[in-house]
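Student:
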Amino acid sequence: MDIHAYIKEKKSLIDSELGKYFSPDKNEPEIINSAMKYSIFSGGKRLRPVLCIASGEMCGAKIQDILSTACGIEIIHTYSLIHDDLPAMDNDDYRRGKLTSHKKFGEGIAILAGDGLLTKAFEIINPKVVKEIAVAAGTKGMVGGQVVDLEMENTGASNSLASKKLEYIHIHKTAKMIEVSVKAGAIIAGTSRIKINSISNYGMKIGIAFQILDDILDIIGDKKKLGKSGSDTKNKKLTYPSVYGLDNSKKRAKQLVESAKNDIEIFGGKAAVLDGIADYIVNRDY
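For the sequence shown, the numbering used here assigns the number 813 to the last residue and increments by one with no breaks.
1. Within a Cβ cutoff of 8 Å, which residues of the same chain sit near Ile-558, ignoring the five residues on either side of it in sequence?
2. With a cut-off of 8 Å, do at least 3 Cβ pairs link the segment 659–679 to the segment 721–736?
3. Find out if the Cβ-Cβ distance for the pair Lys-777, Ile-804 is shorter than 8 Å.
4. Does the Cβ-Cβ distance between Arg-623 and Asp-612 come in under 8 Å?
5. Drop a sphere of 10 angstroms on the beta-carbon of Asp-802, count the other beta-carbons inside from all chains shown, and report buried for 16 or more, exposed for fewer.
6. Which residue marks the beginning of the alpha helix (DSSP H) containing Gly-734, and which one marks its end?
7. Return the bridge partner residues of Lys-625 from the DSSP annotation.
8. Thinking Glu-792 and Ala-799 are a contact (beta carbons under 8 Å), I'd like their distance in whole angstroms, please.
9. Give the single residue among Phe-568, Thr-718, Thr-701 and Tyr-695 whose Cα lies nearest to the Cα of Ser-582.
10. Pick out whichever of Thr-682, Met-616, Ile-580 and Val-675 has its Cα sitting closest to the Cα of Val-709.
11. By Cβ distance below 7 Å, which residues in the same chain neighbour Pro-551 in space, the five residues on each side in sequence not counted?
12. I need the DSSP call for Gly-772, collapsed to helix, strand or coil.
13. Rounded to the nearest angstrom, what separates Met-731 and Met-704 at their Cα positions?
14. Measure the beta-carbon distance from Ala-562 to Pro-576 and round it to whole angstroms, keeping in mind my assumption that it falls under 8 Å.
15. On a CA-only basis, which of Arg-811, Glu-650, Asp-542 and Thr-701 is nearest Ala-664? Give me that one, please.
16. By the 10 Å Cβ neighbour count, where 16 or more other Cβ atoms means buried, how is Lys-553 classified, buried or exposed?
17. Quick test of the definition: if touching needs 3 or more C-beta pairs under 8 Å, does the segment 602–619 touch the segment 634–649?
18. Which residues mark the beginning and the end of the alpha helix (DSSP H) in which Phe-649 is found?
19. Is it right to say Thr-766 is buried, meaning 16 or more other beta carbons lie within 10 angstroms of its own, or is it exposed?
20. Determine the DSSP secondary structure at Lys-763, reduced to helix, strand or coil.
21. Does DSSP put Pro-556 in a helix, a strand or coil?
22. Sorted by chain position, which residues of the same chain lie with C-beta nearer than 8 Å to Pro-614's C-beta, five sequence neighbours on each side aside?
23. Could you name the residues of the same chain whose beta carbon sits closer than 7 Å to that of Gly-571, not counting the 5 residues immediately before and after it, in chain order?
24. Excluding the 5 residues flanking Met-528 on each side, which residues of the same chain have their C-beta closer than 6 Å to its C-beta?
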């Protein structure tokens with residue numbers, strides 16, 4: 528299985544589908560469409576929608592039954608990045624090597640572009656998974672993780688609650704949306720509850736591993752490949768390396784990926800793509 532070729536193929540399909548949702552519309556201001564489209568097509572791995580498609584296909588769904596939901600998940604992810612980059616949050620000037628939305632369009636339009644993306648996502652997400660995705664994106668998931676991430680800035684890794692808070696941040700801010708990406712594909716496919724639970728466990732573990740790698744790359748990664756400077760260190764954020772050190776962080780990420788692959792052994796050879804994506808996550812350099 529050439530996982531890079533698989534991701535490239537599905538990314539092209541996702542980009543093509545996303546293009547359909549951002550055509551100029553006389554019923555909305557041109558500037559908001561331009562701002563939303565700018566961030567949607569500013570690059571990115573499309574990992575979450577690829578995972579949604581891979582999970583759904585593994586469970587027997589047709590790609591056309593999953594594609595709009597996969598795109599909806601990517602749209603939600605993009606909204607979160609716009610807001611994450613704002614001066615009130617991480618205050619980043621660049622994302623994926625391009626000016627962030629608020630630097631390109633101003634803070635007001637950037638906020639509204641994020642709002643527009645979030646609401647647009649729920650126009651196209653399959654009703655079967657609206658609740659699951661809303662919970663993962665909201666205060667019990669990504670938004671809640673972002674809140675604790677902000678609260679823990681400048682507190683220092685020596686805080687007695689550091690490890691507990693760090694786990695909460697990584698699970699909620701990042702892993703919940705990755706978990707729901709694979710879960711949504713399985714639900715749409717109509718697979719059994721036992722298999723959905725196995726896929727959810729897989730998603731949670733690779734989601735945490737993904738964020739650990741982000742923490743590591745923020746320190747040792749090639750800033751040109753990452754397309755931004757290391758804002759975690761600048762903002763004194765709580766990260767795995769700051770709490771556990773680089774070596775232990777790398778070991779933890781690998782352990783999570785191996786455990787995640789064990790969770791989907793129930794699918795046999797059909798799990799090859801998700802196995803490959805798990806390895807891709809822990810071995811990536813950007």
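By construction, the Cβ of each residue, glycine as well, lies at the ideal position given by its N, Cα and C atoms.
Tutor: If we stick to the structure as given:
1. Indexing the sequence shown from 1 puts residue 558 at position 31. Result list for Ile-558: Phe-632 and Ile-636, in chain order.
2. no
3. The residue you call residue 777 lines up with position 250 of the sequence shown. The residue you call residue 804 lines up with position 277 of the sequence shown. Against a cut-off of 8 Å, the Cβ pair of Ile-804 and Lys-777 comes out as no contact.
4. As a first step, residue 623 must be located in the sequence shown, where it is residue number 96. As a first step, residue 612 must be located in the sequence shown, where it is residue number 85. Their beta carbons are not under 8 Å apart, which means Arg-623 does not touch Asp-612 by this criterion.
5. Counting from one through the sequence shown, the residue named residue 802 turns up at place 275. Asp-802 should be labelled buried.
6. Looking up residue 734 in the sequence shown gives position 207. Segment 720–747, the alpha helix (DSSP H) holding Gly-734.
7. Reading the sequence shown from its first residue, position 98 is the one you call residue 625. Its beta-bridge partners are Arg-622.
8. Counting from one through the sequence shown, the residue named residue 792 turns up at place 265. Counting from one through the sequence shown, the residue named residue 799 turns up at place 272. No, Glu-792 and Ala-799 are not in contact; Cβ-Cβ is about 12 Å, not under 8 Å.
9. Translated into positions along the sequence shown, residue 582 becomes position 55. It is Thr-718.
10. Residue mapping note: residue 709 aligns to position 182 of the sequence shown, counting from 1. Of the listed residues, the one whose Cα sits closest to Val-709 is Ile-580.
11. Locating residue 551 in the sequence shown gives position 24, counting from the first residue. The answer, listed in chain order, is Glu-557 and Asn-560.
12. Position 245 of the sequence shown, counted from the start, is the residue given in the question as residue 772. Reduced to three states, the DSSP call for Gly-772 is coil.
13. Here the question's residue 731 lines up with position 204 in the sequence shown. Here the question's residue 704 lines up with position 177 in the sequence shown. C-alpha separation (whole angstroms): 9 Å.
14. Translated into the one-based positions of the sequence shown, residue 562 becomes position 35. Translated into the one-based positions of the sequence shown, residue 576 becomes position 49. Wrong, their Cβ atoms sit about 21 Å apart, outside the cutoff.
15. Position 137 of the sequence shown, counted from the start, is the residue given in the question as residue 664. If we check each option's Cα against that of Ala-664, Thr-701 comes out closest.
16. Residue 553 sits at position 26 when you count from the first residue of the sequence shown. So Lys-553 ends up on the exposed side.
17. yes
18. Stepping through the sequence shown from its first residue, residue 649 is reached at position 122. 634–651 is the extent of the alpha helix (DSSP H) around Phe-649.
19. Counting from 1 along the sequence shown, the entry for residue 766 is found at position 239. Under this definition Thr-766 is a buried residue.
20. For the purposes of this step, residue 763 is taken as the residue at position 236 of the sequence shown. If DSSP states are grouped into helix, strand and coil, Lys-763 belongs with coil.
21. Mapped onto the sequence shown, residue 556 falls at position 29. In the structure shown, Pro-556 sits in coil (DSSP, three-state: anything other than H, G, I, E or B).
22. Indexing the sequence shown from 1 puts residue 614 at position 87. Within the same chain, Pro-614 has close Cβ partners His-629 and Glu-634.
23. Here the question's residue 571 lines up with position 44 in the sequence shown. Taken in chain order, the residues that qualify are Arg-623.
24. Within the sequence shown, the letter at position 1 stands for residue 528. Closer than 6 Å at the Cβ level, and outside the excluded window around Met-528, lie Ala-799 and Gly-803.
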